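full-length UniProt numbering puts the last residue of the sequence shown at 120; the count rises by one with no breaks.
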Amino acid sequence: MKYMSNKEIPRKAIKTLKIINELLEDMLVGVYLCGSAVMGGLRKDSDVDILVVTNQDLSEIVRKDLTDKLMMISGSIGDIKGIRPLEVTVINLNNIVPWHFPPKHEFMYGEWLREQFKKE
1 MKYMSNKEIP RKAIKTLKII NELLEDMLVG VYLCGSAVMG GLRKDSDVDI
51 LVVTNQDLSE IVRKDLTDKL MMISGSIGDI KGIRPLEVTV INLNNIVPWH
101 FPPKHEFMYG EWLREQFKKE
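What follows is the structure, given as structure tokens:
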């Protein structure tokens with residue numbers, strides 16, 4: 001298995017990790033880079049996919065703070081400046097262990113949701 005070096009990890013993922021650590025530090029189980037960044041298919045217009053696992057539900061205040069901070073660093077879809085869009089999914093470990101279908105996500109951020117977030 002090939003492991004990614006820090007040079008290969010998108011800068012956007014590192015910025016996102018700092019935000020997640022700041023807001024979710026006491027409830028974090030893990031933060032995982034996923035999608036095309038780790039599957040070898042990252043293109044210049046790809047978004048950066050991040051999966052966050054927590055051990056408790058997020059409060060509305062944390063959801064709002066997380067949304068606001070992600071909106072500040074996420075690029076728009078098709079951004080010509082090369083600022084990558086983010087896709088961040090947060091799940092509570094207690095909602096998936098033991099496994100049941102469909103899995104419940106605790107929080108979802110993606111650029112396709114930006115207009116909805118602006119209205120809230």
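Yeah, the Cβ is synthetic: ideal placement off N, Cα and C, and Gly gets one too. All of these numbers come straight from a predicted model, not from anything done at the bench.
Candidates V90, E22, P85: closest to G55 by CA position
Within the sequence shown, numbered from 1, the residue matching residue 55 stands at position 55. Looking at the sequence provided, one finds Asn at residue 55 rather than Gly. Checked all of V90, E22, P85; the closest Cα to N55 is V90.
Residue range of the beta strand (DSSP E) that includes D49
As a position in the sequence shown, residue 49 is number 49, starting the count at 1. Taken as a continuous stretch (DSSP letters only), the beta strand (DSSP E) holding D49 covers 48 to 54.
Residue ranges of each beta strand (DSSP E) within the UniProt domain "Polymerase nucleotidyl transferase" (16 to 97), 3 or longer:
Runs of the beta strand (DSSP E) inside the UniProt domain "Polymerase nucleotidyl transferase" (16 to 97): 28 to 34, 48 to 54, 86 to 92.
C-beta contact flag for V38 and P10 at 7 angstroms:
Position 38 of the sequence shown, counting from 1, holds the residue named residue 38. Position 10 of the sequence shown, counting from 1, holds the residue named residue 10. For V38 and P10, no; Cβs fall outside 7 angstroms.
Under 8 angstroms, with one C-beta from each stretch per pair, do the segment 94 to 111 and the segment 27 to 38 reach the 3-pair mark?
Short answer: they don't touch.
Please determine, among D45, R63, D26, the residue with the shortest C-alpha to C-alpha distance to F117.
The residue you call residue 117 lines up with position 117 of the sequence shown. Cα-wise, what sits closest to F117 is R63.
Excluding the five sequence neighbours on either side, which residues of its own chain have a C-beta within less than 7 angstroms of the C-beta of D45, listed in chain order?
Position 45 of the sequence shown, counting from 1, holds the residue named residue 45. The beta carbon of D45 lies closer than 7 angstroms to those of G78 in the same chain, with the five residues before and after it left out.
For V29 and L58, what's the separation of their Cα atoms in angstroms?
For the purposes of this step, residue 29 is taken as residue 29 along the sequence shown, with counting starting at 1. For the purposes of this step, residue 58 is taken as residue 58 along the sequence shown, with counting starting at 1. Straight-line Cα distance between these residues: approximately 13 angstroms.
Between the C-alpha atoms of R84 and S74, what's the straight-line distance to the nearest angstrom?
Taking the sequence shown and counting its residues from 1, one reaches residue 84 at position 84. Taking the sequence shown and counting its residues from 1, one reaches residue 74 at position 74. When rounded, the distance between both Cα atoms is 6 angstroms.
Going by CA-CA distance only, name the one from K15, V53, K12, P98 that's closest to L24.
Start at 1 with the first residue of the sequence shown, and residue 24 comes out as number 24. Comparing Cα positions, the closest option is V53.
Measuring CB to CB, does C34 end up less than 7 angstroms from L17?
Here the question's residue 34 lines up with position 34 in the sequence shown. Here the question's residue 17 lines up with position 17 in the sequence shown. For C34 and L17, no; Cβs fall outside 7 angstroms.
Should N92 go down as buried or exposed, given a rule of 16 or more other Cβ atoms within 10 Å for buried?
Sequence index remark: in the sequence shown, residue 92 carries index 92 (1-based). Classification of N92: buried, given that the 10 Å Cβ count is 16 or more.
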